[in-house]
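Presented below is the structure to which this report refers.
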Amino acid sequence: MIQNPDIAHAVHTFFEAAAMMIGARYYFILRRAQALPPATHGQSFIILLGCLAGASVGNKLMFWLEAPHLWTDGSGWRDFLFGGQSMVGGLLGGLIGVELGKKLCGYQSSTGDLFVFPILLGLMIGRVGCFLAGLDDGTYGVPTSLPWGVDFGDGLPRHPAQLYEIIFAGLLWRLLKHWQPRLKAVPGAMFRLMLIAYLLWRLGIDSLKPVSYVYALGLSGIQWACLLALLCYVPLSLPPLRKALSTMETRP
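According to my numbering, the sequence shown is numbered sequentially starting from -16.
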């Protein structure tokens, strides 16, 4: 693991930028390869702006929810205002931003399915940077006696939660890729499955990570956000998911 904080931060930033650029490139490749209902340049701009603005705001709000103690943590003001990232916040904020953008410009078609594999690809690339950054990143797990525990620099073998997430994203990719031909019958179903699966994953895997600020029931801010998002999103997703599942059952 990288022990120098400055180098660790630079490595993490590099992989984070690579994840966004490669993920975006993959999205545009997929978009060109599929026949989608056309959008005007104005509509495309508003939807993209909504996605970026929503993801940025959600990213920062989730970090603040996860570590509210930085408000009063002296030198933590710099980290509170300018540091911190959250995949959960970016996903939820981006989703809200896209939906608001579509309503503003009157675009009716589903846009989520094309984001699924670029998001998973970006997630896997980004978590490599998180793993290499070690203790500087804060995404490592709690101490463990399991043989694959990793010493991130403090002398304690810890759960490599970043590697767990890479494996999870790879398995989810494989599963959704297998179901993709049949899920296409219901636009948006694949994105809904991906988001629900990821929220459930983070609700569980974050119990293996140190909690910087403990909320009710011993959960972190991200875990509570995942739980509340699931309570809101799952009921809204049930009708299209039922339709998609029924389509999968009836097709050979």
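The beta-carbon is built from N, C-alpha and C at its ideal position, and this holds for glycine as well.
Inset, instruction - Can you say whether G73 is buried or exposed, counting buried as having 16 or more other CB atoms within 10 angstroms of its CB? - result: buried
Inset, instruction - Determine the direct distance from the alpha carbon of G201 to that of W156, and round the result to whole angstroms. - result: 31 Å
Inset, instruction - Look at Q(-14) and G136 and say whether their C-beta atoms are less than 8 Å apart. - result: yes
Inset, instruction - Give the range of the alpha helix (DSSP H) segment to which H161 is assigned. - result: 144 to 166
Legend entry - CB contact flag (I30, G84, <8 Å): yes
Legend entry - alpha helix (DSSP H) segment containing D(-11), residue limits: -12 to 16
Inset, instruction - My understanding is that L104 touches Y196, with C-beta atoms under 8 Å, so please give their C-beta distance in whole angstroms. - result: Their Cβ separation, rounded to whole angstroms, is 31 Å, which puts L104 and Y196 out of contact at 8 Å.
Legend entry - Meets three-Cβ-pair contact criterion under 8 Å: the segment -6 to 10 and the segment 46 to 53: no
Legend entry - Opening and closing residue of the alpha helix (DSSP H) in which L176 lies: 172 to 188
Inset, instruction - For G187, count neighbouring Cβ atoms within 10 angstroms of its own Cβ and tell me buried if that reaches 16, exposed if not. - result: exposed
Legend entry - Three-pair Cβ contact test at 8 Å for the segment 156 to 171 versus the segment 218 to 230: yes
Legend entry - Short CB-CB distance (under 8 Å) between V125 and chain C: In the displayed structure, chain C is absent; only one protein chain is listed.
Legend entry - Buried or exposed by the 16-neighbour rule on C-beta atoms within 10 Å, applied to I(-10): exposed
Inset, instruction - Rounded to whole angstroms, what's the CA-CA distance from Q91 to L75? Just pull it up for me. - result: 20 Å
Inset, instruction - Give the secondary structure of P140 by DSSP, where H, G and I count as helix, E and B as strand, and everything else as coil. - result: strand
Inset, instruction - Report, in whole angstroms, the separation of the C-beta atoms of H(-5) and G112, which I expect to be a contact under 8 Å. - result: 4 Å
Legend entry - DSSP-derived helix/strand/coil call for D134: strand
Legend entry - Short Cβ contact (8 Å threshold) for V71 with R185: yes
Legend entry - Buried versus exposed call for F(-3) [16 or more other C-beta atoms within 10 Å across all chains shown]: exposed
Inset, instruction - With DSSP as the reference, please indicate the residues paired to P126 in a beta bridge. - result: R141
Inset, instruction - Helix, strand or coil for A50, going by three-state DSSP, please let me know. - result: coil
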